[in-house]
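These protein sequence lines are chains A, B and C, in that order. For the first sequence, the residue numbers in my numbering are 10 to 451. For the second sequence, the residue numbers in my numbering are 5 to 393. For the third sequence, the residue numbers in my numbering are 238 to 662. The next block holds one structure in the form of structure tokens; read it before the comments.
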Amino acid sequence: MRGVIGIDLGSTTTKAIVLDEDGRVLGRGITNSRSNYDVACAVARNEALIDSRFNLFRSRAAFESVAAGARDGIMQRLELGFRREQYSGQLDDLQAACTEHLTGPRFSKVRDAAQGVLESSFATLRSETRALFSETGARRSNFFRDLAGSRLLEIMEPCCRERSVPFDLMMGLYDKSIIGVENHVPEVTFESNVMCAMGDALEGGSLDDIRSAALRAQLEDVARETLTEACVVGTGYGRARLPFPRENIRSEILCHGLGAHAMFPETRTVLDIGGQDTKAIQVDADGIVESFQMNDRCAAGCGRYLGYIADEMNMGVQDLGPMALRAKTPVKINSTCTVFAGAELRDRLAIGQRREDILGGLHRAMILRAMSLLARSGGIRDEFTFTGGVANNEAAVKALECLVQENYGERHLNISPDSIYTGALGAALFARRHAEGEKEVA
Amino acid sequence: MSRVADIVTTCEELYEDLEFSACRAWKEEAPGRHAIGYLPMWVPREIIHAAGMLPVGILGGGDKLEIIRGDAFFQSYICHLPRSVIELVLKGNLDFLDGCLFPSICDIVRNLSGMWQLLRPDTYVRYVDVPQNFEPDRGGRFFRTELRKLIDDLGGIAGRPVTDDALKHSIELYDENRRLIRELYDRRSAVPWLVPTSEVYLVQRAGMVLPVEAHNDLVREYLAAAEMDDRPERDNSRVVVSGAFCEQPPLDLIRTLERAGCYVVDDDFMLVNRWFAQDVARPGDPVDALVTAFLEQGIANPARYEPHAGTKGQDLIECVRRRDADGIIFAAPSFCDPALLERPMLQKAVEAAGIPSTAFKYSENTGQLQPIREQAGTFSDSVKLWSSV
Amino acid sequence: MTAPSVHKEPSMARQKEMISQHFKKLTTAHESGKKVVYTFVPGNLTELMLSFDCLPVHPEINALQSGMRKKSAGYIAEAERHGHSEDVCTYVKCDIGMLKKGNIGPTGEHIPPPDLLLLSYTGCFTFMKWFELLREEYDCPVAMLHVPYQGDGEITDDMREYVIRQLREDVIPKFEEVTGQAFDIDRLKDLLASSARAEDDLVTVLESAKHRPSPIDAYFGGVYYIGPIFTAFRGTREAEAYYRELREEVQERMRVGAGPITPEGPLEKERFRLVVEGPPNWTHFREFWRMFHEEGAVVVASTYTKVGGVYDRGFRHDPDRPFETLAEYCLGCYTNLNLPTRTDMISKYVEDYSADGFLINSIKSCNSFSAGQLLILREVEERTGIPGAFVETDLVDPRYFSASNVKNRLESYFQMLAQKQVQAS
């Protein structure tokens, strides 16, 4: 089948969206942006295509004829099994890369011992794979680095002690190797992975052999179906580095405007807070950008600011919002300067202010910056859509709601659970127009 | 509570009141009253007063005001004062003002006058372009017509002309005010533990929103009460603060300096109160009196051209000597062109004179005082050591 | 340099030669007995200086040249080592740094120290501090000309008189003292008459941008066009010849329907017509220009080309009123206009030049331009119904030019304009 793809190459994550011929979202993919944008782009695209195949499968008659109660279980096991196969492949790659790097001169004295550490650590890691991808497994994220990295190091540390290999050396080895693994595009082996996973998915299920066979056949069919990309449009912070022709690149402003419009057609004002910048966009009834403002040269108050704060507090960035929500009397923070954030934070902790209250104040300060930008772009009109990574942060949303109410009165605030895909969706919609041959001046 | 504490509390309430209730109340006391704002440095408040109006000092929003609209109008490399002024304008806190005067401090305040014209077209706006040529028949002549224009304009708003007698009377009242402030500064230098800078500051700030008559009473009362108080002398250093003439440091910063062991024995906060070292009043035309005072005895500051080579920093050095200070703290607002461009010249001069100094930047809403406390404390300790050898 | 194929207009060769001659004269000034006067572009008194046979040096021009020659970063660092704040104007720091490193000018030759510092304090507070700083470095007299600001958007009789009195009683006597020559009013009048002729041609050139397609770029190209008339050459025969030649070149392009010549080659297709407010960035001048060229964007009017005189609003030097005309010239420079006037001017440019958009290049160093620009942006948007673009750069501090950042904004802006054009058609 034919589809179009939109890719949003952000500073932190890269997102891709596949639209089918009717303009419906067929699949979504996301990966961390890493240093190599080409790879990030290819990985996100592959992920979106994988997701598309799952969705295609889900809509097949054979699957829809399965009892509703069983469907979710099958799909969940199928996807988990698939991820597990994918993960195992990446583990192999990582181990191979590590082994290869062992040949370096730094390991001349401990090569054999280090080889032993690797083998036993990877064996342990592999033995945990099934549990990790079980329905109850705790997975920090879907990115390979997050899933394998910290656990591998945890396992390695005692191993190193036992075999008298300096742990630092192995950490260095891991760092070097994971970059290599992340920076090459894994071969897409959808068919073999998914067929493997299907066995598990059907296990323990209540399906008879005939139905199971029908499902397998359908899955095979979907796996083999050719997905033709009629057009790919790229956007985002790193778009200039995409290997696309100029006419297939759109600014993220336009894409966010159109994407937000597609998600919430009544949108007139869009606020996007991403890793590197904040954008305030005004769109018309068709999602066409009327005016926009981006944060000035100073990145104060962007997503990255929260990253610094999280590092400073030794917390995960996703835990900041929940803690900030527990603020009783938020502290007034004057500086959203990323450079000074750490110092101000330490100052406040030193004088005994509660972490919750400081974080409450920090979230408000960050949203205050966004309010200024919104005012600069022409204010907040109804409806108002909030996108970007920070839109997932409840404390930021609460501060925004409060400030919007104080300054503009009642506004309908839209936040999509898929808000992180707004730019990619906009890009995909542009790709669709392009594919349909709509005359574009750009 | 002691009398001093009472007075200081009153002043602090005035300082913190961004609604300017005292000014609003003054306007409401009688029909047809007008209030005219002015930005830091110097404006001829005597003329506003002579027109029967209340001069209101607009010194920014301090560290309590949350900036939303103000930031929308200024890039990150512009100082903080205009943000809070615009915030106050757009929030309506300054809606009681019938006009505003903008002294020629720098390009930012100059352009702020134009922003006010665009944002508050209903009010009177005047850019007070003081002469940088101090010859009577050039700068003096120009300034006289400028002041006459202001007098005519304000007379027009008031609905009755400003008479020479009224202006003479106003000049006398402000001369009295300046005498009292000079006395305040002298007492602080003499007994800084009885007249701390945070209080001197607040008492001066009250003069930004009170009628001069009331402020004169207040300063007198404070001076009398402060001497009665029993407060211990500390082993502090004596410093002069330079560079804080426009955007104001937060009160907590001033307190931090004192806590860090510095007696501030002179400063350039609110220069409008001390612009002239002697009385302005003299026989004859009161406008001439203002012009002559401006040309001959305007206080040295970075916004005033220094016509003579080799004299840069001499006033500051003289001040350090007169106040028997141990050193200088150069405290300038971030992005303050006048203060920061002046600073290397002053530093060179004071260094040549063997006066120790330290420097930092702040903004009116600086929240991080710990580094300043450490810096000021270290400086204080080092200059005490220095002066004891 | 690494740019082998820079396209240039023929008149540029003439300008280059004029500048090179000027710097040659400067290096031999003391042998030839000419006096060297440092002064600023806005409100410059070139005709008066030339009537005393003085050779002007413009510290801002040296600074911008240093920026274009990639020398400014080192100079700025040098000034910061001498205690200058990172917050303040980089023209000043670049100039001070250049001085501290031996005062080697843009042509690689040593610039002689001044015999007179002529402080024309016009439209920029920093000028005053700048010359106070220079005075500390040189043992020479200073002539101060205080030009009042048009706070109410007009030049009053008192302002004019104040400036004239300073000219007569402070500035001219100082020139007589320094040069040993008596003031010659007839010579001044001749020079002023020549200025007016060149100014007529300049205005014709600037207004040619009303034509579609515009034969000039009134910002990036414009800074070359204003070069001679804003600096040492106003009032000279060379300047007259330059502007005559430039005018003919431009009129020829207009006749054949050609666009402006950019360093990347002629602009083939004019897609967007823009008005630009604010000075250019000099450290990445060509890169910045290329971002416009690539998108088919041409600047049809700019305010920066009015800092040394707003000639297109009718002002001409008038030999019959020599003092009045000098005073009015100083008072009328762009940065001496108040915000409402600037807003009117930009809005009018958008209309008169049929612009599709307008851009504010907000310069960190230059508060005179930058403070209040975001209000100008809003006002012009409201009055013209056209959204504006806003980018931030600096004059000569390369640390403050983020190419990807600027490009991102410009691209987004142009794509937005393109979408609007599609929608409108």
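Positions of the beta carbon are idealized from the N, C-alpha and C atoms, including for glycine. Nothing here was measured: the structure is a model prediction, and the numbers come from that model.
Quiz prompt | Listed by chain order, chain A residues near C:Glu565 by CB distance under 9 Å | solution = Contact annotation for C:Glu565 against chain A: no contact, minimum CB-CB distance about 36 Å [criterion: below 9 Å].
Practice problem: With DSSP collapsed to three states, give me the class of A:Cys240. | Solution: Residue state, collapsed to three classes: strand.
Quiz prompt | Contact set between the region 597–615 of chain C and chain A, restricted to residues whose Cβ is under 7 Å from the partner | solution = For chain A, the residues of the region 597–615 of chain C that bring a beta carbon within less than 7 Å of one of its beta carbons are Leu611, in chain order.
Practice problem: Give the DSSP bridge partners of B:Asp270, in chain order. | Solution: Partner(s): B:Val244.
Self-check item: Start and end residues, beta strand (DSSP E) containing A:Lys288
Solution: 287–292 is the extent of the beta strand (DSSP E) around A:Lys288.
Exercise. Return yes when the Cβ of B:Asp67 is within less than 8 Å of the Cβ of B:Pro254, no when it is not.
Key: Going by C-beta atoms, B:Pro254 is nearer than 8 Å to B:Asp67.
Quiz item: Excluding five sequence neighbours on each side, which residues of the same chain lie with their C-beta closer than 7 Å to the C-beta of A:Ala294?
Solution: Nothing meets the Cβ criterion.
Quiz item: Considering A:Asp303, what are the terminal residues of the beta strand (DSSP E) in which it resides?
Solution: Per the sequence shown, residue 303 of chain A should be read as Met rather than Asp. Its beta strand (DSSP E) spans residues 298–303.
Quiz prompt | Beta-bridge partners of B:Tyr128, as assigned by DSSP | solution = Answer is B:Gly103, bridged to B:Tyr128.
Practice problem: Assuming B:Met45 contacts B:Leu158 (C-beta within less than 8 Å), just tell me the rounded distance between them. | Solution: Distance from B:Met45 to B:Leu158 at the Cβ level is roughly 19 Å; contact not present, criterion being Cβ atoms closer than 8 Å.
Quiz prompt | Proximity to B:Ala285 [Cα-Cα], best of B:Glu180, B:Asp156, B:Tyr131, B:Asn137 | solution = Checked all of B:Glu180, B:Asp156, B:Tyr131, B:Asn137; the closest Cα to B:Ala285 is B:Glu180.
Practice problem: Compare the beta carbon distance of A:Gly435 and A:Leu263 with 8 Å and say whether it is the shorter of the two. | Solution: Closer than 8 Å, so yes.
Quiz item: Is it a yes or a no for the region 85–103 of chain B touching the region 323–336 of chain C, going by three-plus beta-carbon pairs under 8 Å?
Solution: With a cut-off of 8 Å, the region 323–336 of chain C and the region 85–103 of chain B do not count as touching, because too few Cβ pairs lie within range.
Exercise. Name the two residues that bound the continuous alpha helix (DSSP H) containing C:Pro247.
Key: Run containing C:Pro247: 247–264, per the alpha helix (DSSP H) assignment.
Self-check item: Distance CB(A:Val126)-CB(A:Met180) smaller than 8 Å
Solution: Not a contact, by the Cβ cut-off of 8 Å.
Quiz item: Can you tell me whether DSSP reads C:Asp389 as helix, strand or coil?
Solution: Taken through DSSP and simplified to helix, strand or coil, C:Asp389 comes out as coil.
Quiz prompt | Cβ neighbour criterion (16 or more within 10 Å) applied to C:Met238 | solution = Residue placement at C:Met238 cannot be trusted, given a pLDDT of 38 that sits under 50; the coordinates are not used to answer.
Quiz prompt | Per-residue contacts from C:Val183 into chain B (C-beta, under 7 Å) | solution = Any question about residue 183 of chain C goes unanswered here, given that chain C covers just 238 to 662.
Exercise. Output the distance between the C-alpha atoms of A:Glu234 and A:Met10, rounded to the nearest integer angstrom.
Key: Rounded to whole angstroms, A:Glu234 and A:Met10 show a C-alpha spacing of 7 Å.
Self-check item: Start-end ranges of the beta strand (DSSP E) lying completely within the region 10–47 of chain B, minimum 3 residues
Solution: Segments of the beta strand (DSSP E) lying fully in the region 10–47 of chain B: 39–42.
Quiz item: By a C-beta neighbour count over all protein chains shown, 10 Å radius and 16 as the cutoff for buried, is C:Lys308 buried or exposed?
Solution: C:Lys308 comes out buried.
Practice problem: Could you tell me whether the region 375–387 of chain C touches the region 357–365 of chain C, using the rule of 3 or more Cβ pairs below 8 Å? | Solution: Verdict: yes, contact present.
Quiz prompt | Partners in chain A for C:Glu323, counting only beta-carbon separations shorter than 9 Å | solution = The contact set of C:Glu323 on chain A, defined by CB atoms closer than 9 Å, is empty, because the minimum CB distance reaches about 13 Å.
Exercise. If I'm right that C:Asp589 touches C:Lys447 with Cβ under 8 Å, what's the distance once you round it to whole angstroms?
Key: For C:Asp589 against C:Lys447, the beta-carbon gap comes to about 7 Å, under 8 Å, which counts as contact.
Quiz item: C:Met365 touches chain B at which residues, Cβ-Cβ below 8 Å?
Solution: Correct list: Gln136, Tyr309.
Quiz prompt | chain C contacts from the region 44–67 of chain B (Cβ-Cβ distance under 9 Å) | solution = Residues: none.
Quiz item: First and last residue of the beta strand (DSSP E) that includes C:Tyr358?
Solution: According to the DSSP assignment, C:Tyr358 belongs to the beta strand (DSSP E) that extends over 353–358.
Practice problem: Find the residues of chain B that neighbour A:Leu377, judging by a C-beta separation of less than 8 Å, and give them in chain order. | Solution: Under a criterion of Cβ atoms nearer than 8 Å, the residues of chain B adjacent to A:Leu377 are, in order, Glu70, Ile71, Ile72, Asp75.
Quiz item: Considering only C-alpha positions, which residue in the set A:Gln302, A:Ser42, A:Val326 is nearest to A:Ile16?
Solution: The option with the nearest alpha carbon to A:Ile16 is A:Ser42.
Quiz item: Nearest-angstrom Cα distance between A:Gly90 and A:Ser186?
Solution: Cα to Cα, the separation comes out at about 25 Å.
Exercise. Compute the Euclidean distance between the alpha carbons of B:Asn220 and B:Val8, then round it to the nearest angstrom.
Key: Taken atom to atom, the span from the alpha-carbon of B:Asn220 to that of B:Val8 is near 16 Å.
Quiz item: Can you find a C-beta in chain B that's less than 8 Å from the C-beta of A:Arg385?
Solution: Yes, A:Arg385 lies at the interface with chain B (some Cβ there is under 8 Å from its Cβ).
Exercise. Spatial neighbours of C:Pro452 within its chain, please: CB distance less than 7 Å, with the 5 preceding and 5 following residues excluded, ordered by chain position.
Key: Beyond the five residues adjoining it in sequence on each side, C:Pro452 comes within less than 7 Å, by CB distance, of Ser445, Val487, Arg490, Met491, Ala495, Gly496, Pro497 in the same chain, given in chain order.
Quiz item: Would you say C:Lys506 faces chain D, with C-beta separation under 8 Å as the test?
Solution: The chain inventory of the structure shown lacks chain D, comprising the protein chains A, B and C.
Practice problem: Taking only the alpha-carbon atoms, compute the straight-line gap between A:Arg69 and A:Gly361 and give it to the nearest angstrom. | Solution: A direct Cα-to-Cα measurement between A:Arg69 and A:Gly361 gives close to 60 Å.
Quiz prompt | Reduced DSSP secondary structure (H/G/I, E/B, other) of C:Ile466 | solution = Taken through DSSP and simplified to helix, strand or coil, C:Ile466 comes out as helix.
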